[in-house]
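**Student:** For the sequence shown, position 24 matches number 24 in full-length UniProt numbering, and the numbering has no gaps at all.
Glycine included, C-beta positions come from ideal geometry on N, C-alpha and C.
A quick note: this is a predicted structure, and the numbers were derived from the prediction, not measured.
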Amino acid sequence: MATPKPLTKHKKANGYQELKQVLMEAKENILPLPQTLELSREKDFVACCFRDSNNKKYYLLSDSCINSLIESAKELEKNKYLFKLEQEIYKNMPIDFEDVWCIALKELAGNFNKNPKNLIKNIRKRYPYLFMDFNLSLNQTY
């Protein structure tokens, strides 16, 4: 007996998008600091931790720290995508990896939202001479 498929699709969690959403919501809820709070205005100021009456922690971060966190999250997502793309290229047995890699990067043009599997599948259809064809090689040996 086959198992039924779930009715809802599960979205892949994109850490960068979630971080961006949280920061945008935080921008809307800006409250002024009390006058008695003295913070150092040094350049190396990274974070301050506050505790409320329930012993819950709150952190105050500078704009530069938040921007660097966002940039590192973007870079991490990009590197993760490029790693998946590299794996997909190797799975399809290219004759010359560098040629397929260059074509794939041109196809992306900075848009890292495409599915790597579909991208390589389309490249393989358009440029079949860049990949090994085992059916053709088996027929030639016999």
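1) How would you call Leu-76, buried or exposed, if buried means at least 16 neighbouring beta carbons within 10 angstroms?
2) Does DSSP classify Ala-109 as helix, strand or coil?
3) So who's on the other strand from Tyr-59, going by DSSP bridges?
4) Considering Ile-123, what are the terminal residues of the alpha helix (DSSP H) in which it resides?
5) Cα-Cα, which of Met-132, Ala-47, Glu-71 is closest to Leu-60?
6) Measure the alpha-carbon distance for Tyr-58 versus Met-132 and round it to whole angstroms.
7) By a C-beta neighbour count over all protein chains shown, 10 Å radius and 16 as the cutoff for buried, is Ile-123 buried or exposed?
8) Pick helix, strand or coil for Tyr-129, following the three-state DSSP scheme.
**Tutor:** So, from the listed chains and residues:
1) exposed
2) coil
3) Cys-49
4) 116-126
5) Ala-47
6) 56 angstroms
7) buried
8) helix
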